[in-house]
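All remarks here apply to the structure that follows.
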Amino acid sequence: MSGLRRTCLHDLHLALGARMVPFAGYEMPVQYPSGVLREHLHTREKAGLFDVSHMGQVLLVPRQGGVEEAARDLEALVPVDVLGLPAGRQRYGLFTDDSGGILDDLMIANRGDHLFVVVNASRKEADLAHMRAALRATDAALVEDRALIALQGPRAAAALAQLVPDVADMAFMDVAVRTWDGVGLWISRSGYTGEDGFEISVPAPFAEAFARRLLADPDVAPVGLGARDSLRLEAGLCLYGHDIDETTTPVEAGLAWAIQKVRRTGGARAGGFPGAGRILAELEGGPARRRMGLRPEGRAPMREGTEIYADETGGAPVGRVTSGGFGPSIDGPMAMAYLPAGLTEGATVWGDVRGRRLPARIVPMPFQPTRYRR
Amino acid sequence: MKYTEEHEWLRPEGDVVTVGITAHAAEQLGDVVFVELPEAGRRVSRGDEVAVIESVKAASDILAPVDGEIVEVNPALADNPGLVNEDPTGAAWFFRMRPADPAALDAFMDEAAYRALVG
């Protein structure tokens, strides 16, 4: 796997017996010896440790003034209320383009005097260029000397509290700096599995030792990209480049909740982000299509690319699966697809699986109830 | 026992051959969650896609190793697809077929050659 970058936990993955695959320019663990199914279920039952160091950690530091300068700058790129985000809090956001499409999704944290954002690995170079071109009075610096470790699952808080006792008081989407053995950790209570958990930014030289300390807890097991994907899909969460991209708008994607009132028509800072015309119009009038959840009947998964039909025979496809697979916790297949907005929950559609149309029911998401610590 | 380059094993018994996937293939696929089997009585040509294995990662085809007729499929796989991971060369056989030409099996790898292939 030449030409691929490695995270600072690479040696640990090999020592744990991971199967490594290319992902977003990195060599990443897709699974460990226990396999995707057990890793998935372990995360739901106890706690999974994920290396997400390939993701882009970016500091947005105002050249002058306070964090509100960076927040105001960033609001020109995202349809999100960044100015209203209190210190110590994080929220989900989207970079949009002029046609209302999605350039990336990201987490935005207010760290008191600056912002900290985490972007997708496959998009970090593009996102950096995009931010540097548009932020007028804010410097965007890629953090390259820190690992990012996600600890997810109902036992995550107890496991982390053994090393860092003062995380117990953090609420969902809180961010804080804590120390472990004198090492500064940037912690957020968040993740992408639908479970309670944390994402922990650790200085690279201490990352393996920190991960090994967490893994020494019998409740904590390493989890690869395979289970990360089935966990996020069960939780109804979008994967950039699959469920959302430049051809989908936030409203079509069912991500209108990420656009706070203040940025909508009638709000104090309505619009002012790329594609605002289309996105605000869709918020008012509704989109022509929406991302919907599908539960195929039987056990055959409907994979990404599966054409969806409104009828059992004839007609043209009305949509296509953007993510689909088998959900270990729901013990059955699940998929997401963009379908005409006229179709509603409870309706049956048909997916073309190897030349046969198999029925699937439109269902609300998440497929598996989320258990965030509110 | 014979082996194909598609990581299937072939066990001849009389004029019938039992077909499954190797432990190496099962490990590469990961946890199997669904198996679609052919119907008994179907006539197949070598290379036809006769069964599908869906794992947590992806779908894979099982190809007919030779020309012939499917005479029996393994009903246990429908109820318990995880058998493919637990006992790939035993309880998780996929189907039995009657080759049109029994000598066609001679061309496939023996165990030593297959071991050399998968390293």
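Read top to bottom, the protein sequences are chains V and Y. So in this note's numbering, spot 140 of the first sequence is number 125, and the numbers just go up one at a time. So in this note's numbering, spot 60 of the second sequence is number 118, and the numbers just go up one at a time. Don't be surprised by glycine CBs; every beta carbon is placed ideally from N, CA and C.
Item to check | Close Cβ partners of V:G252 (< 7 Å) along its chain, the five nearest in sequence each way excluded | outcome: K246
Next on the checklist: Among V:Y294, V:A273, V:L148, V:G309, whose alpha-carbon lies nearest the alpha-carbon of V:P344?
Outcome noted: V:Y294
Checklist entry - Is any beta-carbon of chain V found at less than 9 Å from that of Y:D89? => result yes
Item to check | Min CB distance V:G22 to chain Y below 9 Å | outcome: The amino acid occupying residue 22 of chain V in the given sequence is Leu; Gly does not appear at that position. So yes, V:L22 belongs to the interface.
Next on the checklist: I'd like to know whether the C-beta atoms of V:A55 and V:R131 end up nearer to each other than 9 Å.
Outcome noted: no
Checklist entry - Does the beta-carbon distance from Y:K115 to V:V15 come in below 9 Å? => result yes
Checklist entry - Of the residues that make up the stretch 267 to 287 of chain V, which ones have a beta carbon closer than 7 Å to any beta carbon in chain Y? => result R284, A285, P286
Item to check | Selected residue, minimal CA-CA separation from V:L127, among V:A114, V:M287, V:D214, V:I134 | outcome: V:A114
Checklist entry - To the nearest whole angstrom, what separates the beta carbons of V:A141 and V:D181, a pair I think is in contact under 8 Å? => result 6 Å
Item to check | Short-range partners of chain Y found in the stretch 212 to 236 of chain V, where Cβ spacing is below 7 Å | outcome: S215
Checklist entry - What are the start and end residues of each continuous alpha helix (DSSP H) run of 4 or more residues lying completely inside the stretch 261 to 327 of chain V, in chain order? => result 261 to 270
Next on the checklist: Which residue marks the beginning of the beta strand (DSSP E) containing V:P190, and which one marks its end?
Outcome noted: Note, V:P190: premise wrong, no beta strand (DSSP E); alpha helix (DSSP H) at 189 to 200.
Item to check | Chain-ordered residues of the stretch 106 to 139 of chain Y with a beta carbon less than 7 Å from chain V | outcome: V110, E112, V114, K115, A117
Item to check | Own chain residues within Cβ distance below 8 Å of V:T233, not counting five before or after | outcome: G86, I87, R276, Y323
Checklist entry - Does any C-beta atom of chain Y lie closer than 9 Å to the C-beta of V:V306? => result no
Item to check | Contacts around V:R163, its chain only, beta-carbon distance under 7 Å, and the 5 residues preceding and following it disregarded | outcome: V149, D151, V152, L170, I172
Checklist entry - Rounded C-beta distance between V:L26 and V:P272? I'm assuming under 8 Å. => result About 35 Å; that fails the 8 Å criterion.
Checklist entry - What separation, rounded to the nearest whole angstrom, lies between the Cα atoms of Y:G148 and V:D112? => result 52 Å
Checklist entry - Is the number of C-beta pairs between the stretch 347 to 354 of chain V and the stretch 324 to 338 of chain V that are closer than 8 Å three or more? => result yes
Checklist entry - To which residues of the same chain is V:G78 closer than 6 Å at the C-beta, ignoring the five residues directly before and after it? => result V63, V65, L91, I93
Next on the checklist: Determine, for V:R356, whether the minimum Cβ-Cβ distance to residues of chain Y falls below 9 Å.
Outcome noted: no
Checklist entry - How many Å lie between V:P24 and V:G41 at the Cα? => result At residue 24 of chain V the sequence reads Glu, which differs from the Pro that was named. Rounded to whole angstroms, V:E24 to V:G41 spans 24 Å at the Cα level.
Next on the checklist: Please list the terminal residues of the continuous beta strand (DSSP E) segment that includes V:D337.
Outcome noted: 333 to 338
Next on the checklist: Quick check on this structure: which residue in V:A122, V:D154, V:L133, V:D(-4) has the alpha carbon closest to the alpha carbon of V:V359?
Outcome noted: Reading off the sequence shown, one finds Arg at residue 359 of chain V, where the question assumed Val. When only C-alpha atoms are compared, the closest one is V:D154.
Checklist entry - Would you report the Cα separation of Y:A122 and Y:E107, rounded to the nearest angstrom? => result 6 Å
Next on the checklist: Would you say V:H25 lies against chain Y (beta-carbon separation less than 9 Å)?
Outcome noted: yes
Checklist entry - Do Y:A83 and Y:V124 have their CB atoms nearer than 9 Å? => result no
Next on the checklist: Let me make sure I understand the geometry here. Which of Y:T76, Y:T62, Y:H65 has the alpha-carbon closest to that of Y:E130?
Outcome noted: Y:T76
Checklist entry - Taking Cβ-Cβ distances shorter than 9 Å, what residues in chain Y pair up with V:F311? => result D89, V91, F92, E112, S113, V114
Checklist entry - Should V:P14 be flagged as near chain Y, meaning a C-beta pair shorter than 9 Å? => result no
Item to check | V:A135 versus V:R29, V:V160, V:A332, V:F35, residue with shortest Cα-Cα distance | outcome: V:F35
Checklist entry - Do you know whose CA, among V:R117, V:D89, V:D(-4), V:V338, lies nearest V:R48's CA? => result V:R117
Checklist entry - V:S215 by DSSP, collapsed to three states: which one? => result helix
Checklist entry - Nearest-angstrom Cα distance between V:H227 and V:P286? => result 16 Å
Next on the checklist: I'd like to know whether the C-beta of V:R(-9) is nearer than 9 Å to at least one C-beta of chain Y.
Outcome noted: no
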